[in-house]
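S.K.: Quick note on numbering: the sequence shown equals residues -31 to -1, 1 to 222 in mature numbering (1 follows the signal peptide of the UniProt record, and there is no 0). Here it is, the structure in full.
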Amino acid sequence: MSPMRTTLRRAGTVTALAAVSVLAAAGAAFAHVTVHPESYAKGSTDGVLTFRVPNEADTAATTKVQVFLPTDHPILGVLVSPQDGWTAQMTTTKLKKPVKTDDGTVTDAVSEITWTGGRIRHGQYQDFQVAFGQLPDDTDQLTFKTLQTYSDGNVVRWIEETHKGGDEPENPAPVLRLTAEGTAQDSGTAASAPAATQEKSGGSTAQAASGSDSTARGLGVAGLVVGALGLAAAGFALARGRTRPSTSTPSSE
């Protein structure tokens, strides 16, 4: 085998492995439990949060989902949207620091929501809608630690916190960013769109991703693919350039 072919083959192998690694990382991100929209303005009222739970197991179905709401920065007026095939149970906790509102002082808040009875199968996801009366205004983000139980007894704990500037953990907890009032791009009426879609469809599968969120993620993956192909082309061009014999005329000097 010629040196040029050997070099090209090595370059192609390295680039292919890099592309596979990039795409695998992108696929892993899709498997995370997430909350939508990604941000709301601090102190927002009368909105909807959507918890998206994908099933990443090949042979087991998701049968139980537990979402834990923070009580150090409580969400007030929590209501759960009915979900076909699922039963929701809310747990309330007495607050260490009561919250004063225009309607009075709130001493208790929902600290956990558990959905059981349904099944999320391989290649599917489920959206769970939670309406709220008011978000806190004294923090920059809310972390929703989540437990996902499968039919084979396996429990995936989405409880790891993502630190600013650090790498994303293996099992990150869903995070809602709270922005200064009037600056949130994804809050307001846009937040209620997934709920309306859910009520019409009665459930969500991988065949029907919702709105701009899925479009943005799809474009992101497409960008990764194009980038990987670009790396491959650059690798081949570089290898060919290094092995091509010189045809220039030597300097007379």
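Just so you know, even glycine gets a beta-carbon here, dropped at the ideal spot from N, CA and C.
Which whole-angstrom value is the C-beta distance of W127 and T85, which I expect to be below 8 Å?
M.R.: Not confirmed; about 17 Å, so no contact.
S.K.: Compare the Cα-Cα distances from F113 to each of Q103, A30, R21, K69 and report the closest residue.
M.R.: R21
S.K.: Name the two residues that bound the continuous beta strand (DSSP E) containing S8.
M.R.: 8 to 10
S.K.: Confirm, please, whether the CB-CB distance from I82 to A57 is below 8 Å.
M.R.: Yes, the Cβ-Cβ distance between A57 and I82 is below 8 Å.
S.K.: If we ignore side chains and look at the alpha-carbon of each, how far apart do A26 and L48 end up?
M.R.: 30 Å
S.K.: On the CB-based measure, 16 or more other CB atoms within 10 Å of its CB, does P51 come out buried or exposed?
M.R.: Counting Cβ neighbours within 10 Å, P51 comes out exposed, since fewer than 16 surround it.
S.K.: Using the Cβ count rule (16 or more neighbours within 10 Å means buried), how would you classify V124?
M.R.: It counts as exposed.
S.K.: Output the distance between the C-alpha atoms of D106 and V17, rounded to the nearest integer angstrom.
M.R.: 17 Å
S.K.: For H132, which of helix, strand or coil comes out of DSSP?
M.R.: coil
S.K.: In whole angstroms, give me the CA-to-CA distance for S120 and A29.
M.R.: 5 Å
S.K.: May I ask you to verify whether the region 4 to 19 touches the region 68 to 75, counting CB pairs closer than 8 Å and requiring at least 3?
M.R.: no
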